[in-house]
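**Student:** Okay, so the sequence shown: first residue is 1 according to UniProt numbering, each after it adds one.
Glycine included, C-beta positions come from ideal geometry on N, C-alpha and C.
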Amino acid sequence: IAESRETGLLPRMPIHYVTKHLQQGIESDHFRVKRAMPRIGGFRSFNTARRTVCGFEVMLWLRKGFGFAGA
1 IAESRETGLL PRMPIHYVTK HLQQGIESDH FRVKRAMPRI GGFRSFNTAR
51 RTVCGFEVML WLRKGFGFAG A
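1. Look at the alpha carbon of A49 and the alpha carbon of F43, and state the distance between them as a whole number of angstroms.
2. What did DSSP end up calling R44 once you bin it into helix, strand or coil?
3. Does DSSP put V18 in a helix, in a strand, or in coil?
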């Protein structure tokens with residue numbers, strides 16, 4: 001990140017905009033991911049939890065039609 005800021009790719013002080021419309025879209029996707037996940041007592045590592053959540057997000061994206069370009 002520091003290198004990107006030095007080269008000018010990223011601004012030094014980014015502006016963060018929050019709009020209700022965008023926030024609702026993010027929350028609606030998050031709700032679908034939470035609903036799809038089974039009740040799991042716990043994960044042994046953060047890496048396992050991250051991979052599991054990523055898998056559920058991929059399945060959600062494929063169901064929504066954001067899969068491969070040819071599909």
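**Tutor:** Taking the definition as stated:
1. Position 49 of the sequence shown holds residue 49. Position 43 of the sequence shown holds residue 43. In a straight line, the C-alpha of A49 is about 6 Å away from that of F43.
2. Counting from 1 along the sequence shown, the entry for residue 44 is found at position 44. In this structure, R44 counts as coil in the three-state DSSP scheme.
3. Here residue 18 corresponds to residue number 18 of the sequence shown, with the count starting at 1. In the structure shown, V18 sits in coil (DSSP, three-state: anything other than H, G, I, E or B).
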